[in-house]
Each structure stands twice: as structure tokens, then as C-alpha cells.
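Q: If you scroll down you'll find the structure; I have some questions about it.
In C-alpha cells:
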């Protein structure tokens, strides 16, 4: 790989003014309304509240983003809608001339892809209210339904470069490690020695498909803050072709960072996922390792973005301690005990 930068890793989203974007929406979608900025790692995102009362998400990509990757995302959303209409995910809103996306030019002449998605009504799991074991279990079940809905879908760009894709093990790249804090280095040195020698070879034999890749509490939607049922999923920008069990590892690692993350909660999520999308023994055997890989990837990516992005998200500093805490917790566990616990959770459902 050529030298890594925040730009080619899509960590610096564009910064168009709201007036220009509002005019652009009117021109290409024929809708008028108000724009409210939303967080985004690679895209500049806004909630667009239309004058007719409907809401949408307007997404403007980095000029470094490839058109085929965006097409992959949009076609996947359309596939999910056909495969499981009851699963709430964003719908693609075509332009006036029936295109899934179009382009806007920046002051420097660079062209940025623009697309519009429907707004998924509800409250993110981390948006308030209780985070009970029931919510965590429902999130796992919904993530499993999403995996099933994505089965049978592929695209020429499904195996694109994605920094968060743990199967490419960017955590072993010296250019990423160069930005690690002393704390991160001390915490992960022993584990990193196992990644290349033991874990990656085992991953090559796992069944793979397109996965969502970002199942966390901010992307899982429930109808209200007091509802225990997760009914929808948002943010499909991290989809990639990867081992199926990687999607479960990402979700389990992510939920360990909110509330009182524990092995018991993780095991309950594994059991709920398995009840809908049955896991193979070798997938359960490697799940603990993949959870550690995801947490390590999150820590390294956060350190990288904090040092390299021109406008790092304020949430990075806020969320980083929770990543450290979860990684310390899972590293402290006995691997054999964790694997046995995960197997028992699958047998009990």
C-alpha cells in the first residue's frame, strides 16, 4: 500500500456550506427544506427536513471516494429492501433524473458524490433511555437478520479498501502504529504478536459475504428510548466482503464500550445472533480473537485520526477511554473460558 494519509483513508470529509447544499438539493431533487449537520467520518452528512414534513439524510463524499464503492453501498441497500422489507434501513432516494447519486463541485474544482437517503425514524440505542440486556440481545438479533438479508449480494467493489475492516489487519501496519500512544502500545504488544502468526491464517478459512461492518449502539434504532426492541439499522458506509462472524465481532466489541460491558452480555448477544444466523464451530472458536482485533483497531484508528485529521471529530477524545476500558477487560479474560462461554450460549438457544 502507498503511504497512508487521512485523505486516502477518507477521514477528512468535505465542508460545503448549508446554503450551497440547500440550493443543490432543490436543483437535483426538487425539494426545499432545512439542513442540520450530522456526524460523519468520511462523508459530510446532514439531516434534510423537507417542507412537506418528510426527512432525509444528505451525504456528500470525499473527493477521494471511488464511485464504485458508493454504488456498492446503494445497491446493497436496495437488495436489503427487496430481501427483508420489514427490516428498517435507509432507502435510496433518486434524483429528478432517476439517478442514485450525482456530483457537486467544490471551490477547488474537485467533484464530490452526493446521494440522498430516507431518514429512519426512531432513537439510536445510545441516544438515551435504558441499555438493558434485552436491548443488547435485540440488537444482536437485528444484526443477524441484516446478515441474512445481505446474503446472495455481491458487487465488484465489495472487497474495497476499508480502514476498519479487521481482516486486512491495518493494526499491523507500521505507519498506523507510528501514531499509537504509549498506552496503546503497552496494552496491545503481546496481542499483536498473535494476530499475524495465529489469527489471520485462521480467518482465511471462514465463510464470507458482504457484511454491514458497523453494528454499534449509534447505528441501531429503536422506536423510543424506553423500548427494548431494535427495529432498524443505519450507516452502511463500512460494508465490505468479510468473514460473516466478523460482523458479530464488530457488534459485540462495540456494545462492550457502552453501559456495563461484560462477558455475560457478550455471550447473550452471541446466543441471540446464533439463534437467527447459526454459527459454525470454527466461527465461535475465533470470535474472541476478532473482538480483540476490533477493539485494537478502534484504538489505533482513533489515535491515528486524532493526530492526522485536519478536523477530528470531538467524539474521538470522548469515546477513547471506553475503548481502553473494554480492551483491558477482554484482554484480562482467559481465552479458553471465553470460547467455552460462547459455545454454551449458542447451545442454549
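Numbering (my numbering), first residue to last: 3 to 351. From the three backbone atoms N, C-alpha and C, an ideal C-beta is built for every residue, glycine too.
1) Taking all protein chains shown into account, do 16 or more other C-beta atoms lie within 10 angstroms of the C-beta of residue 276, making it buried, or fewer, making it exposed?
2) Give the DSSP bridge partners of residue 61, in chain order.
3) In its own chain, which residues sit with a C-beta less than 6 Å from the C-beta of residue 250, not counting the 5 before and 5 after it?
4) For residue 215, is the classification buried or exposed, using 16 other Cβ atoms within 10 angstroms of its Cβ as the cut-off for buried?
5) Measuring alpha carbon to alpha carbon, tell me which of 243, 223 and 86 ends up nearest residue 75.
6) Report yes or no: do three or more beta-carbon pairs, one from the region 215-231 and one from the region 189-201, lie closer than 8 Å?
7) What residues are listed by DSSP as bridge partners for residue 211?
8) Would you say the region 60-74 touches the region 142-150, given that touching needs at least three Cβ pairs under 8 Å?
9) Beta carbon of residue 372, beta carbon of residue 235: below 8 Å?
10) Going by DSSP, what residues sit across from residue 107 in a beta bridge?
11) Decide yes or no for the touch test of the region 73-87 against the region 22-34: beta carbon pairs closer than 8 Å, at least 3 of them.
12) CB residue 197 to CB residue 180, shorter than 8 Å?
13) On the premise that residue 288 lies in contact with residue 247, defined as a C-beta separation below 8 Å, what is that separation, rounded to the nearest angstrom?
14) Check the C-beta distance from residue 298 over to residue 163 and give it rounded, since I have them as a contact under 8 Å.
15) Where DSSP assigns a beta bridge to residue 52, which residues make up the other side?
16) Measure the C-alpha to C-alpha separation of residue 59 and residue 35 and round it to an integer number of angstroms.
17) Give the range of the beta strand (DSSP E) segment to which residue 234 is assigned.
18) Closest Cβ-Cβ distance between residue 102 and chain C: below 8 Å?
19) Please list the terminal residues of the continuous beta strand (DSSP E) segment that includes residue 224.
20) Specify, as a first and last residue, the run of the alpha helix (DSSP H) that residue 348 falls within.
21) Give me, in chain order, the residues of the same chain whose beta-carbon lies closer than 8 Å to that of residue 284; leave out the 5 immediate sequence neighbours on both sides.
22) In whole angstroms, what is the alpha-carbon distance linking residue 265 and residue 340?
23) Assuming residue 16 and residue 46 form a contact by the criterion Cβ under 8 Å, report the distance between their Cβ atoms to the nearest whole angstrom.
24) Going along the chain, which residues of its own chain have a beta-carbon closer than 7 Å to the beta-carbon of residue 220, five neighbours each way excluded?
25) If you draw a straight line from the C-alpha of residue 3 to the C-alpha of residue 295, how long is it?
26) In or out: residue 19 buried (at least 16 other Cβ within 10 Å) or exposed?
27) If we ignore side chains and look at the alpha-carbon of each, how far apart do residue 122 and residue 334 end up?
A: Per the coordinate set shown:
1) If you draw a 10 Å sphere on the C-beta of residue 276, you find 16 or more other C-beta atoms in it, and that means buried.
2) Looking at the DSSP assignment, residue 61 forms a beta bridge with 47 and 117.
3) Within the same chain, Cβ atoms closer than 6 Å to the Cβ of residue 250 are found at 275, the five residues on either side in sequence being excluded.
4) Flag for residue 215 reads buried.
5) With respect to the C-alpha of residue 75, the residue from 243, 223 and 86 having the closest C-alpha is 243.
6) At 8 Å Cβ cutoff, the stretches do not touch.
7) Residue 211 pairs with 244.
8) Contact fails between the region 60-74 and the region 142-150, because fewer than three Cβ pairs, one in each stretch, are under 8 Å apart.
9) Lying outside 3 to 351, the shown extent of the chain, residue 372 is not represented and no answer is given.
10) In the DSSP secondary-structure assignment, residue 107 is bridged to 113.
11) No, they do not touch.
12) No. Outside cutoff.
13) Indeed, because the Cβ distance is near 7 Å, the residues count as touching under 8 Å.
14) Rounded, the Cβ-Cβ distance is 19 Å, inconsistent with contact.
15) As computed with DSSP, residue 52 is found in a beta bridge with 35.
16) Roughly 12 Å between the two C-alpha positions.
17) For residue 234, the enclosing beta strand (DSSP E) covers residues 232-235.
18) Included in the structure is just one protein chain, with no chain C present.
19) Counted as a single uninterrupted DSSP element, the beta strand (DSSP E) harbouring residue 224 occupies residues 222-224.
20) Start and end: 337-349.
21) Answer for residue 284: 204, 207 and 208, listed in chain order.
22) Roughly 8 Å between the two C-alpha positions.
23) So it is a contact: roughly 5 Å between Cβ atoms.
24) So the list reads 126 and 128, once near-sequence residues are dropped.
25) Any answer about residue 3 is weak, because its pLDDT of 41 lies below 50 and its placement is not dependable; what the coordinates show is given next. Using only the alpha carbons, I get a separation of about 20 Å.
26) So residue 19 ends up on the exposed side.
27) If you take the alpha carbons of residue 122 and residue 334, they lie about 38 Å apart.
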